[in-house]
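Student: Numbering (the numbering used here), first residue to last: 60 to 458.
Provided herewith is a single structure, encoded as structure tokens, for subsequent inquiry.
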């Protein structure tokens, strides 16, 4: 068998794949990123960055760019829309635990652009857009991939392949791993608008999870727009729910105004909770959504994938210095339990709380949140979990 053409190939040029490439490049490890799309994607996806994620990207100058492009949110709320009552969590309580005691709201597409621009200046990384991986096969000395591009079909060889190719990962399918879990019954409708909710809703935070009579919605504030997570009405099809008339009706229920709201973009997406039983099989390894999917409630999905990338790339750094390939099994031990117990379960709990329709149970949950806020130690522990600091530290401590 010939020597593989590349050391490491990363499949997928989303934020996780590109951050993986940046870390490998920084360690002097050659890598290639293969992305099916001809351009970096600019559609509506993740927008929340948690403290440990900002901490880990600080050394590459990426955090400074995100801070300039995004909006710092020092607090987040759970609100009762009908009364204006709110349970507000202040992240400044974490000031001794992180360099960034807040959430940052910034589109993940901007992170991708910052990472891509940095990688283009490096000689030991190639990012190949418009290259679709059609098949993956592992052999004793490496991995072969059939890749389709504008130039035709070719075979790309590598010592290792990292699957950062999302929920429909071809790398995961090649590994034959179970992707156990559930698909939630509801569909989220994400809409963006320049409408200034903060001028109409008292004491609004930058991040707001809101109960309304018979339903729920979320308002997340970016520098120049608001992201609204809405849900289909009972009996409403997805096609109907994504129509401008339906979006307008739902926005009018949040803040009624005389003229239509200016809706910029609408995107529906299904919610899942799934995780693979192993992050590694032979020379194939998974990161991010290829390994785990969770409800977006709490903004943990992209962050968890970036944490995966940080831990995994350190294994390749040690292997480049002579350490055993068995370190890749340690990667699974470090990340899978945290994803399962800290990310998926927390996100699922957040979703269940906001999907609750019974007024009495909502009030019980609201009162419990207020009690947590009133107890400084309990509030700090709660925010250490919800800000992903506890899970991140747990990963680092597992051997």
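C-beta atoms are modelled at their ideal positions from N, C-alpha and C, and glycine is treated no differently.
These numbers come from a predicted model, not from an experiment.
(1) Within the same chain, show all residues whose beta-carbon is closer than 6 Å to that of residue 234, passing over the 5 residues directly before and after it, in chain order.
(2) Assign residue 61 to buried or exposed, taking buried as 16 or more other Cβ atoms, counted over all protein chains shown, within 10 Å of its Cβ.
(3) Secondary structure at residue 296, three-state DSSP: helix, strand or coil?
(4) Report the CB separation of residue 323 from residue 251 in whole angstroms; it is logged as a contact under 8 Å.
(5) Using the Cα positions of residue 130 and residue 267, report the straight-line distance between them to the nearest angstrom.
(6) Is the beta carbon of residue 104 closer than 8 Å to that of residue 132?
(7) Looking only at C-alpha atoms, which of 248, 301, 304, 307 sits nearest to residue 288?
(8) Classify residue 316 as helix, strand or coil using the three-state DSSP reduction.
(9) For residue 157, which three-state DSSP category applies?
(10) Mind checking who residue 108 pairs with in its DSSP beta bridge?
(11) From residue 90 to residue 69, what distance separates their C-alpha atoms?
(12) Between residue 242 and residue 414, how many whole angstroms is the CB-CB distance? I'm expecting something under 8 Å.
(13) Just mark residue 304 as buried or exposed, buried being the case when its beta carbon has 16 or more other beta carbons within 10 Å.
(14) Mind the definition here: the stretch 402-412 touches the stretch 353-364 only if three or more C-beta pairs lie below 8 Å; say whether that holds.
(15) Measure the C-alpha to C-alpha separation of residue 364 and residue 335 and round it to an integer number of angstroms.
(16) Can you tell me whether DSSP reads residue 377 as helix, strand or coil?
(17) With distances taken Cα to Cα, identify the nearest neighbour of residue 442 among 263, 219, 428.
(18) According to DSSP, what are the bridge partners of residue 90?
(19) Starting from the C-beta of residue 392, find all residues in its chain whose C-beta is less than 6 Å away, skip the five residues before and the five after it, and write them out in chain order.
Tutor: Here's the rundown:
(1) The answer, listed in chain order, is 340, 343.
(2) Because residue 61 carries a pLDDT of 46, less than 50, the predicted location of this residue cannot be relied on, and no value is offered for it.
(3) In the three-state reduction of the DSSP assignment, residue 296 falls in the coil class, being assigned neither a helical nor a strand state.
(4) Rounded, the Cβ-Cβ distance is 4 Å, consistent with contact.
(5) Distance between the alpha carbons of residue 130 and residue 267: 14 Å.
(6) No.
(7) Among 248, 301, 304, 307, the Cα nearest to that of residue 288 is on 248.
(8) Three-state result, residue 316: coil.
(9) Under the three-state reduction of DSSP output, residue 157 falls in the coil class, being neither helix nor strand.
(10) Paired residue(s): 163.
(11) In a straight line, the C-alpha of residue 90 is about 7 Å away from that of residue 69.
(12) Contact flag wrong, Cβ pair sits at about 14 Å.
(13) Flag for residue 304 reads exposed.
(14) In the pairwise beta carbon analysis, the stretch 402-412 is classified as touching the stretch 353-364: at least three pairs are separated by under 8 Å.
(15) Each residue's Cα considered, the two are about 14 Å apart.
(16) For residue 377, the three-state secondary structure derived from DSSP is helix.
(17) Comparing alpha carbon positions, the residue from 263, 219, 428 closest to residue 442 is 428.
(18) Partner(s): 67, 184.
(19) Within the same chain, and ignoring the five residues on either side of residue 392 in sequence, the residues whose Cβ sits closer than 6 Å to its Cβ are 457.
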